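Protein chains: 2
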Amino acid sequence: MPKHTISALVENHFGVLSRVSGLFSARGFNIDSLAVGETEDPTISRMTIVVDADDRTLEQVKKQLNRLIDVIKVQEIPSEELLEREIVLVRVEFNHKNRAEILEAMNAVQGKVLDTSGNTLTIEVTGDQTKVHSVFELLKPYGILEIVRSGRIALSRKGKMSIKS
Amino acid sequence: MPKHTISALVENHFGVLSRVSGLFSARGFNIDSLAVGETEDPTISRMTIVVDADDRTLEQVKKQLNRLIDVIKVQEIPSEELLEREIVLVRVEFNHKNRAEILEAMNAVQGKVLDTSGNTLTIEVTGDQTKVHSVFELLKPYGILEIVRSGRIALSRKGKMSIKS
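Chains as they are written, first to last, in my numbering: chain A, -9 to 155; chain B, -9 to 155.
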């Protein structure tokens, strides 16, 4: 099923996250990613939800979201307007033989080494989903020990959903 | 109140997010940030939760999390071991007078320009909370139109919580 990216402005308190995630799990909507953070107005948060859905289900999702208390505005971002990023921290093992090779590979994908402890490197990578997956493929052969991902965040190139509008 | 960073390995389905956020909102625990994403094992997700709490409340939070179905492992990351990052997209207005100035300021903080449309720039910034706030302060005078944030993700430098261990 096609992936759709929804951006929602919501009141900034945790009851909202509970209601939104509860809605999705109760209805069996298939969430691929959900991220939430404050906006330029600290009373308002912006949620980015990526959902696998056909057109009919997508309409349901948007309608149900709009009905929730504390949801201010809901927008689908069409793929041609999508600016999407995720941040990932990956810890890998290294040894004196492959260290230079790993650093070179990470340099090529603009990965930043955040920490070296013992025989492990912790690397920060940002990008769209294609980039993130290619970095995992690059690092797998060395032995990935830990991954933490933020989930996707997105804006529309056309900027149709500022708080003031 | 001091901020504490909790990393939790959970089963990868959205019922968990609903249960965790429901627990926090029902108990009135003060969440500062929550992020969730897949790990190296697609059946397991890692949640990063930043909570404002005194020691007693923090113990309660950890105990309640451990009791939830689908929560596999809960770890507090002490501040001296904390590797923490967030990704932020910011859209600002520019004009022919201040464009070079904005780009120079973003260069200094390693911000990447993702998009230029009309008279707006969309910038990607990653860093810890101090960095993120300093970028907002830098950009405020130009007119921030939109912000989307991922919430914080974190690993321990000591890597005590891989899935296999």
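The beta-carbon is built from N, C-alpha and C at its ideal position, and this holds for glycine as well. Computed from a prediction, not measured in an experiment: that's the story for all the values here.
Is the CB of residue i under 8 Å away from at least one CB in chain B?
| i | result |
| --- | --- |
| Glu127 of chain A | no |
| Leu48 of chain A | no |
| Ser124 of chain A | no |
| Ile92 of chain A | no |
| Ile134 of chain A | yes |
| Asp105 of chain A | yes |
| Thr120 of chain A | no |
| Leu73 of chain A | yes |
| Leu55 of chain A | no |
| Ser89 of chain A | Rather than Ser, the amino acid found at residue 89 of chain A in this sequence is Arg. By this cut-off, Arg89 of chain A is not an interface position. |
| Thr110 of chain A | yes |
Quick one: what's residue i bridged to in DSSP?
| i | result |
| --- | --- |
| Leu63 of chain A | Reading off the sequence shown, one finds Lys at residue 63 of chain A, where the question assumed Leu. According to DSSP, which records beta bridges pairwise, Lys63 of chain A is partnered with A:Leu(-1). |
| Val82 of chain A | A:Leu111 and A:Ile134 |
| His(-6) of chain B | B:Val41 |
| Arg147 of chain A | Arg147 of chain A is not bridged to any residue. |
| Thr47 of chain A | Note: Thr47 of chain A sits in no beta bridge, so no partner. |
| Arg75 of chain B | B:Ile143 |
| Val103 of chain B | B:Ile113 |
| Arg36 of chain B | B:Leu(-1) and B:Gly27 |
| Asn20 of chain A | A:Asp42 |
What separation, rounded to the nearest whole angstrom, lies between the Cα atoms of residue i and residue j?
| i | j | result |
| --- | --- | --- |
| Glu74 of chain A | Ala144 of chain A | 4 Å |
| Ile113 of chain B | Ser15 of chain A | 33 Å |
| Met37 of chain B | His86 of chain B | 43 Å |
| Ala90 of chain A | Ala43 of chain A | 43 Å |
| Phe84 of chain A | Glu127 of chain A | 16 Å |
| Asp118 of chain A | Glu49 of chain B | 37 Å |
| Val125 of chain A | Val115 of chain A | 8 Å |
| Glu30 of chain A | Arg147 of chain B | 31 Å |
| Asn56 of chain B | His3 of chain A | 23 Å |
| Glu66 of chain B | Ser(-3) of chain B | 6 Å |
| Met96 of chain A | Gly108 of chain A | 19 Å |
| Leu111 of chain B | Val82 of chain B | 5 Å |
| Gly149 of chain A | Leu13 of chain A | 27 Å |
| Val103 of chain B | Gln100 of chain A | 14 Å |
| Glu136 of chain B | Asn88 of chain A | 42 Å |
| Thr33 of chain B | Val6 of chain B | 12 Å |
| Val40 of chain B | Gly27 of chain B | 15 Å |
| Lys53 of chain A | Arg9 of chain A | 14 Å |
| Val51 of chain A | Phe19 of chain A | 8 Å |
| Thr47 of chain B | His123 of chain B | 27 Å |
| Glu1 of chain B | Glu94 of chain B | 44 Å |
| Val64 of chain A | Ser35 of chain A | 12 Å |
| Asp105 of chain B | Ile59 of chain B | 43 Å |
| Lys121 of chain B | Ile62 of chain B | 32 Å |
| Ser69 of chain B | Val138 of chain A | 17 Å |
| Tyr132 of chain A | Arg17 of chain B | 43 Å |
| Lys130 of chain B | Leu79 of chain B | 14 Å |
| Ile92 of chain B | Ala98 of chain A | 26 Å |
| Asp45 of chain B | Asp45 of chain A | 48 Å |
| Met151 of chain B | Ser11 of chain A | 26 Å |
| Ile134 of chain B | Ile134 of chain A | 38 Å |
| Leu(-1) of chain B | Leu(-1) of chain A | 28 Å |
Give a yes or no on whether 8 Å exceeds the smallest Cβ distance from residue i to chain A.
| i | result |
| --- | --- |
| Ala144 of chain B | yes |
| Gly101 of chain B | no |
| Glu114 of chain B | yes |
| Leu58 of chain B | no |
| Thr33 of chain B | no |
| Lys148 of chain B | yes |
| Val138 of chain B | yes |
| Ile39 of chain B | no |
| Ile77 of chain B | yes |
Contact list for the segment 60 to 71 of chain B against chain A, Cβ threshold 7 Å:
none
Could you say if the segment 58 to 75 of chain A and the segment 129 to 147 of chain A meet the contact criterion of at least three C-beta pairs nearer than 8 Å?
yes
Kindly confirm or deny that the segment 17 to 32 of chain A and the segment -7 to 9 of chain A touch, where touching means at least three C-beta pairs closer than 8 Å.
yes
Can you pull out the residues from the segment 3 to 29 of chain A whose beta carbon lies closer than 9 Å to at least one beta carbon of chain B?
His3, Phe4, Gly5, Val6, Leu7, Ser8, Arg9, Val10, Ser11, Gly12, Leu13, Phe14, Ser15, Ala16, Phe19, Asn20, Ile21, Ser23, Leu24, Ala25, Val26, Gly27, Glu28 and Thr29
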